[in-house]
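Chains as they are written, first to last, in UniProt numbering: chain A, 1 to 101; chain B, 1 to 101.
In what follows, a single structure is set out as structure tokens and then discussed.
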DNA sequence: TAATATACTAACATAAAGTAAGTTGTTAAA
DNA sequence: TTTAACAACTTACTTTATGTTAGTATATTA
């Protein structure tokens, strides 16, 4: 059974953003690349387990890239791809809505 | 432990829209009031159980209103409140993003 | 009288998320 | 030179959310 009535792309978008934490992670990454710990501090109610899982999904969806800097100790940063940065207008509108209601 | 770092309103928005089906329900209601059955046909992969639950949450959040028309048989319609309709720009931007990626 | 329709609800199974602790590899402090 | 600390995770287990199937109440139609 398929829901041919709605735009599949739109539904796919919600399959991602309709998962808990995904939106907030994208939101904080819009202010620049962040490390694992940075985000877990910015969103303390989210567990490491979830952050790790969401990172993998977002990477697979090509919304973020994982950078490994071979320093000592190694530094790992997560950054939005152009596709990920394309969500800024969505987030901006949501911010406006949240502020006005 | 609280996440004082982020805008609470923004987080609240995601608590709602970050739940499965919520976004799609709002999206289809943007084209006008609908009955229970209408939406379950438009989003067939969602179960009645979930639609019922999401309706209650959206009503509690004052994003939709439930209208009961005492006809025979009774007709029940769900409509976006002004607050709910305020989500249109968010949905429009998300649609654009979905189309272009 | 049986079948169909709407708008749900209930009971149970499975999947997703939460919680707490552990791992690896490195540095810094005692 | 053990001991502790930190980053970036992973694992095991519990709880919550969602999915599945069936059923309810009320009314209309065949």
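Don't be surprised by glycine CBs; every beta carbon is placed ideally from N, CA and C.
{"query": "With a threshold of 16 other CB atoms inside 10 Å of the CB of residue 22 of chain B, please say whether the residue is buried or exposed.", "result": "buried"}
{"query": "Near residue 102 of chain B, what residues of its chain come up, given a Cβ to Cβ distance below 7 Å and the 5 sequence neighbours on each side ignored?", "result": "Coverage of chain B is limited to positions 1 through 101, which leaves residue 102 of chain B absent and any answer about it impossible."}
{"query": "Would you kindly check if the distance between the Cβ of residue 98 of chain B and the Cβ of residue 98 of chain A is under 9 Å?", "result": "no"}
{"query": "For residue 69 of chain B, is the classification buried or exposed, using 16 other Cβ atoms within 10 angstroms of its Cβ as the cut-off for buried?", "result": "exposed"}
{"query": "Scan the stretch 81-96 of chain A for residues whose Cβ lies nearer than 7 Å to a Cβ of chain B and list them as they occur along the chain.", "result": "83, 86, 87, 89, 90, 93, 94, 95"}
{"query": "Just checking: is the beta-carbon of residue 20 of chain A within a distance shorter than 9 Å of some beta-carbon in chain B?", "result": "yes"}
{"query": "Counting only Cβ pairs nearer than 7 Å, list the residues of chain B close to residue 9 of chain A.", "result": "98, 99"}
{"query": "I'd like to check one pair, residue 27 of chain A with residue 17 of chain B: are the Cβ atoms closer than 9 Å?", "result": "no"}
{"query": "Looking only at its own chain, which residues have a Cβ that is under 7 Å from the Cβ of residue 78 of chain A, when we skip the five neighbours before and after it?", "result": "29, 33, 34, 55, 64, 66"}
{"query": "Could you tell me which of B:83, B:101, B:53 sits nearest to residue 87 of chain A, measuring between CA atoms?", "result": "B:101"}
{"query": "Quickly, what does DSSP pair residue 79 of chain B with across the bridge? List them, please.", "result": "B:65"}
{"query": "Using a Cβ-Cβ cutoff of less than 7 Å, which residues in the same chain neighbour residue 61 of chain A once the five nearest sequence positions on both sides are dropped?", "result": "16"}
{"query": "DSSP three-state call for residue 34 of chain A: helix, strand or coil?", "result": "strand"}
{"query": "Helix, strand or coil, according to DSSP, for residue 87 of chain A in the structure here?", "result": "coil"}
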